Structure formats: C-alpha cells, structure tokens
Amino acid sequence: MMKLKNKHVLLGMSGGTDSSVSAMLLQDGGYRVTGVTFRFYDSEDSASSIEEARMLAAHLGIEHEVYDARELFRKHVIDYFIQEYMSGRTPVPCVVCNNLLKWPLLAQLADEKGISFISTGHYVQKVQLEDKYYIRCGVDKEKDQSFFLWGLPQTILARMVLPMGEMTKEKARLLAAERGFHRISTKKDSIGVCFCPFDYHRFLRKHVSEELLKRGTFTDEEGKFIGWHQGYPFYTVGQRRGLGIHLNSAVFVKEIIPDKNQVILAPLQSLEKTEMYLQNWHIIDENQLLNREDVIVKIRYRKQANRCKVNITPEGMLHVELLEPLTAIAPGQAAAFYRDDHVLGGGIIV
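Residues in the sequence shown are numbered from 3 upward in steps of one, following the working numbering.
Shown next as structure tokens:
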C-alpha cells in the first residue's frame, strides 16, 4: 500500500466478507480507518448488514457511522432502473451506482471529515501510468469487478485505496476465519441486483402501473405474429429462456419496440453485429484508446471480450468497430475498454 503521511481512509462497509476483510487489511497497512455503511434501501437483509458492519467496526476499534442514502439511491438507481426497462432498454444499475453514487458519495463524505483516502472491498487494483491513474483487474479473475468502474474521474481514482485487489475470495474467507470472524468468513455473496436480487419482474409489477404492463405480441423479423408475451419490459435483447413459447428452433429477443408493445424474435445469427455506438462515455486518455487495434471491449461482466477499434463521431458518440461479430448487444447496457487488464474507459450502448 502507498506510503503516505496522512493515512486516514474512509471505508465503505457493507457488512459483507469483502469490506470486512478490507478493514482488517487497511489496519494491517497502518491506516486509520473510519467506516461508513450506506443505507440504500429498506429490507431485512439491509438491516442485518448494517448491524454486521457496526459490530465489526466496534470489534476492530474503528469509527463507524450509518449514512441514510435512500433518497439518493432511489433517484440515481431505482428510478433509472425502472425507466430503462419501460423504455425497452437493459439497465446497468451496478455501473450507475458505482460511478454516479457510491464512490462520489464516499469522496464527498471524506472531504467533509477531512479524510484523505477512500476505500471499498472491490476486487480491483489501481495503477499509475505516466500522469494518469487506472483501474486494473483484480488478481481473482472470478471476482474481478473492474467492469463496473470505468466511469470514475481522476479526482476519485487518485484517492482510492483498494486492499482486495491482490486478494482472492478464498484467502479473504480464510483470513476472516483465522482472526475469529467465522460468521463473516462464511457469508454468502450477494447475487444479482441488490434491491431485487432474484426477480425484477416482481419488482416492476410492484412499482409500475398495471396499465403499462399489458400483454403484447411476439413477432418475427418480418412482423409476422408468433405469440403473446407478458409485456415488453419483461424481456431483454439476447434473451432466450423464459419466453413462454415453444418453437421448432431456438429464437432470441432481437429488438424491443415499446410503442407497439412488440418483441421481435430471431435466430441467434440475426443478432450478430460488427459495430455499436456509446453515449455517456468516459475515457481516461484518448491517445490510449482511439483508433488503435489493440483494445479489448467487454459488454458483459465476465464474458465476451473482443478486439475493437474506437473513434468519436461528429455527433459526440463513441463508434466501436468490432473486429469479430458480437451477439446480444443490448441498448442500455455498458461497454468497458481494456488493454493489458487496465480499464481505459467505457460508455452506455445506444
């Protein structure tokens, strides 16, 4: 870890294994740790996690507070999540939360407290190349979370301390157990979207008027009727399972047309594309990304790493030319750019 005069860090503590082990590692590194647990939404699991974080902080002898961010989370993440599905797009709530809410809020609170550095339990590393900071993939490739952090500015990257970057999940659990935190060492990882981990359909039905969730038509690429669906917001581009229809050959969601409550189905080959456009993009250094052929783009957390060439259009969007075709490029999803495991930037697919 960095050799610094003022080694005071504000750590986001979720109550889970990763942020808890981060607190231990930061203390081992000589940091004075202050913990903050964000209350993003109301649930039984959320209340339990807050208590877990509070107990760990007390045991380690570090300052800790709970910050009520429910209104901010509703505005930046939940409202966005609902609106994207209602617009026929596929949201990326973890990208939005990390880049627009969690890390900026950590930085804001650190400023208010006069704390120099900010930290979380993300499995990523940070490196400095010339005069710029970059997120680098974590050592544990199964847990690497670099895909979600492409939108952070230099002002935040410079302050980040990332103790889990060189740690594997297995080692993290062993460390917690060795230090007597057996409950923390065996906590299950969170799955899916934190505020609706298993079924976003149920979540939409709870928050959206039934009038907007009517059944509609499945059609083929020529507009021929295939069958009925439950409502276009319940489908995403590239989806195959859960369509509720049975045909002689496999079909996938190719396009969603909200105005017509129409979902177009097609064979997988019809979903292949060799280019895409991004908006709301962020690039650390244009010279490291634009018009080069050694850049990797990912449109999924752990899958589909493809070589590409990137440039900026006259309209201000990023044009991504794929050197190999990709399927299931869904509007609303994120794309992140890499070279040598360094995150160069990213954007939102249109």
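Quick reminder that beta carbons are idealized off the backbone N, C-alpha and C, glycines included. Since we're looking at a predicted model, the values are computed, not measured.
{"query": "So for residue 65, helix, strand or coil by DSSP?", "result": "strand"}
{"query": "Measuring straight from C-alpha to C-alpha, what distance separates residue 20 and residue 38?", "result": "14 Å"}
{"query": "Across the segment 86 to 104 and the segment 44 to 61, are there enough close Cβ pairs to call them in contact, namely three or more that are closer than 8 Å?", "result": "no"}
{"query": "Do residue 312 and residue 325 have their beta-carbon atoms positioned less than 9 Å apart in this structure?", "result": "no"}
{"query": "Kindly indicate which residue of 81, 139, 149 and 159 has the alpha-carbon position closest to the one of residue 169.", "result": "139"}
{"query": "Taking the runs of the alpha helix (DSSP H) that are 4 residues or longer, which of them lie wholly in the segment 24 to 65?", "result": "46 to 62"}
{"query": "In chain order, what residues of the same chain have a beta carbon less than 7 Å from the beta carbon of residue 205, not counting five sequence neighbours either side?", "result": "198"}
{"query": "With a 10 Å radius around its C-beta and 16 neighbouring C-beta atoms as the bar for buried, classify residue 91 as buried or exposed.", "result": "buried"}
{"query": "Which partner residues does residue 134 have in the DSSP bridge list?", "result": "131"}
{"query": "Touch check for the segment 298 to 308 and the segment 327 to 341: three-plus C-beta pairs under 8 Å?", "result": "yes"}
{"query": "Return the chain-ordered list of same chain residues with a C-beta closer than 7 Å to the C-beta of residue 237, the five sequence neighbours on each side being excluded.", "result": "231, 255, 258 and 265"}
{"query": "Identify the continuous alpha helix (DSSP H) that holds residue 327 and give its terminal residues.", "result": "Per DSSP, residue 327 belongs to no alpha helix (DSSP H); it is in the beta strand (DSSP E), 320 to 328."}
{"query": "Given this structure, state the Cα-to-Cα distance separating residue 252 from residue 244, to the nearest angstrom.", "result": "12 Å"}
{"query": "Using a Cβ distance threshold of 8 Å, determine whether the segment 207 to 224 contacts the segment 31 to 49, with at least three qualifying pairs required.", "result": "no"}
{"query": "Using alpha carbons as the reference points, say which of 113, 22 and 286 lies closest to residue 131.", "result": "286"}
{"query": "Residue 125: which of 327, 136 and 147 sits nearest, CA to CA?", "result": "147"}
{"query": "Tell me whether residue 19 sits in a helix, a strand or coil according to DSSP, three-state version.", "result": "helix"}
{"query": "Anyone know if the C-beta pair for residue 239 and residue 331 falls short of 9 Å?", "result": "yes"}
{"query": "Just mark residue 242 as buried or exposed, buried being the case when its beta carbon has 16 or more other beta carbons within 10 Å.", "result": "exposed"}
{"query": "Confirm, please, whether the CB-CB distance from residue 345 to residue 151 is below 9 Å.", "result": "yes"}
{"query": "Kindly identify the DSSP beta-bridge partner or partners of residue 338.", "result": "300 and 348"}
{"query": "Skipping 5 residues on each side, what residues in its chain have a beta carbon closer than 7 Å to that of residue 8?", "result": "118"}
{"query": "Look up residue 226 in the DSSP assignment and say whether it is helix, strand or coil.", "result": "coil"}
{"query": "Given this structure, state the Cα-to-Cα distance separating residue 167 from residue 122, to the nearest angstrom.", "result": "10 Å"}
{"query": "Would you tell me roughly how many angstroms separate the C-alpha atoms of residue 10 and residue 195, rounded to the nearest one?", "result": "31 Å"}
{"query": "Starting from residue 177, follow the alpha helix (DSSP H) in both directions and report where the run begins and ends.", "result": "171 to 180"}
{"query": "Per DSSP, what kind of secondary structure is residue 119 in: helix, strand or coil?", "result": "strand"}
{"query": "DSSP three-state call for residue 252: helix, strand or coil?", "result": "coil"}
{"query": "Report the residue from 234, 284 and 201 whose alpha carbon sits nearest the alpha carbon of residue 263.", "result": "234"}
{"query": "Does DSSP classify residue 283 as helix, strand or coil?", "result": "strand"}
{"query": "Note down the Cα distance separating residue 15 from residue 40, rounded to an integer number of angstroms.", "result": "8 Å"}
{"query": "For residue 309, count neighbouring C-beta atoms within 10 Å of its own C-beta (all shown protein chains included) and say buried if the count is 16 or more, exposed if not.", "result": "exposed"}
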